[in-house]
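Quick note: the sequence shown uses our numbering, first residue 1, plus one each step. Built from N, CA and C at the ideal position, the CB exists for glycine as well. Quick caveat, the model's predicted, so the values are computed rather than measured. Accompanying notes for the structure given below.
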Amino acid sequence: MGDERSSPVEFVDPVDGARWRVDLDFLASRWRCRWGDGCLGILDRPAPELEQGCCSVGAELLDEDEARMVEALGLALDPARFQFHAEAADGVIRRAAGGGDGPATTRVVDGACIFLNRPGFAGGAGCALHLAAVDEGESPIDWKPSVCWQLPLKVVDGDGGVRELRRWRREDWGSGGATMAWCCTEEPGEGAGVTAFDGVAPAAETLADELRALVGPEVAVAIRTRVAEGGF
Ligand code: SF4
Numbered sequence: 001m002g003d004e005r006s007s008p009v010e011f012v013d014p015v016d017g018a019r020w021r022v023d024l025d026f027l028a029s030r031w032r033c034r035w036g037d038g039c040l041g042i043l044d045r046p047a048p049e050l051e052q053g054c055c056s057v058g059a060e061l062l063d064e065d066e067a068r069m070v071e072a073l074g075l076a077l078d079p080a081r082f083q084f085h086a087e088a089a090d091g092v093i094r095r096a097a098g099g100g101d102g103p104a105t106t107r108v109v110d111g112a113c114i115f116l117n118r119p120g121f122a123g124g125a126g127c128a129l130h131l132a133a134v135d136e137g138e139s140p141i142d143w144k145p146s147v148c149w150q151l152p153l154k155v156v157d158g159d160g161g162v163r164e165l166r167r168w169r170r171e172d173w174g175s176g177g178a179t180m181a182w183c184c185t186e187e188p189g190e191g192a193g194v195t196a197f198d199g200v201a202p203a204a205e206t207l208a209d210e211l212r213a214l215v216g217p218e219v220a221v222a223i224r225t226r227v228a229e230g231g232f
């Protein structure tokens with residue numbers, strides 16, 4: 001299943017009554033993250049050789065609490081696991097100029113997020129926060145900026161207090177989205193010789209931890225059950 005969409009399906013949390021409108025098509029699809037496995041990235045040209053995935057831009061941080069958490073983690077990371085440890089002495093995040101309202105983001109160094117260890121780094125390629133969380137036996141969900149562990153999923157407030165859980169879309173990338181060569185959640189991508197819709201299990205299963213963190217345990221179970229039953 002690629003980008004074929006039917007209407008979202010609504011779920012109600014039996015504990016708190018929260019209403020969720022859910023993109024079951026995406027969660028039933030075989031989407032998988034292709035970081036380090038042919039991901040074409042988010043630049044205006046396919047760039048699998050860079051292995052930057054969607055880390056070519058700084059991650060937008062949720063709020064000041066998250067900004068402080070990321071700053072603290074940046075100071076605490078083992079240099080052996082953090083390629084840009086020296087650069088981090090100048091800060092790992094950037095706040096809006098002049099104290100403006102824009103979101104803080106992780107800093108971009110050498111063309112990608114400061115936390116992205118590049119291919120060939122002895123301490124391991126990939127997100128230094130993710131690697132450190134795994135080292136500590138903890139969930140990367142607790143260490144990474146929200147947007148980083150939530151992607152390819154996105155929660156938006158819909159009409160009437162309903163929250164929408166849907167796939168990440170090209171326009172979610174902001175002004176750069178229009179010129180991206182590939183949007184892994186929207187395009188099957190066969191024309192470019194790579195697709196993210198070729199996993200071995202439904203996204204609702206491979207993203208089970210993220211799903212639970214986003215919608216809570218009750219709705220997560222209901223979604224996974226519905227995906228397993230099919231027919232929506
Ligand atoms: S989420 Fe998509 S763009 Fe980001 S690393 Fe995975 S496959 Fe690549």
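Residue i versus the options, residue with shortest Cα-Cα distance
i           : options       : result
residue 203 : 72, 147, 31   : 31
residue 102 : 109, 94, 108  : 94
residue 216 : 7, 9, 8, 20   : 20
residue 26  : 152, 137, 212 : 152
residue 185 : 221, 34, 9    : 34
Whole-number beta carbon distance between residue j and residue i, since they are thought to touch under 8 Å
i           : j           : result
residue 133 : residue 139 : 6 Å
residue 166 : residue 157 : Actually they are not in contact, since the Cβ atoms of residue 166 and residue 157 sit about 12 Å apart, beyond 8 Å.
Helix, strand or coil at residue i [DSSP, three-state]
i           : result
residue 211 : helix
residue 43  : coil
residue 149 : helix
residue 72  : helix
residue 229 : helix
residue 136 : coil
residue 51  : coil
residue 26  : helix
residue 202 : coil
residue 66  : helix
residue 1   : Unreliable placement is indicated for residue 1, whose pLDDT of 43 sits below 50; the coordinate value is still reported in the next sentence. In this structure, residue 1 counts as coil in the three-state DSSP scheme.
residue 86  : coil
residue 122 : coil
residue 81  : helix
Beta-bridge pairing of residue i - partner residues as DSSP gives them
i           : result
residue 11  : 20
residue 156 : 164
residue 127 : 116
residue 106 : 93
residue 218 : According to DSSP, which records beta bridges pairwise, residue 218 is partnered with nothing at all.
residue 60  : 105
On the three-pair Cβ rule with 8 Å, is the stretch 204-215 touching the stretch 47-62?
-> no
*Evaluate the contact criterion for the stretch 172-183 versus the stretch 104-122: three or more CB pairs, one atom per stretch, below 8 Å.*
no
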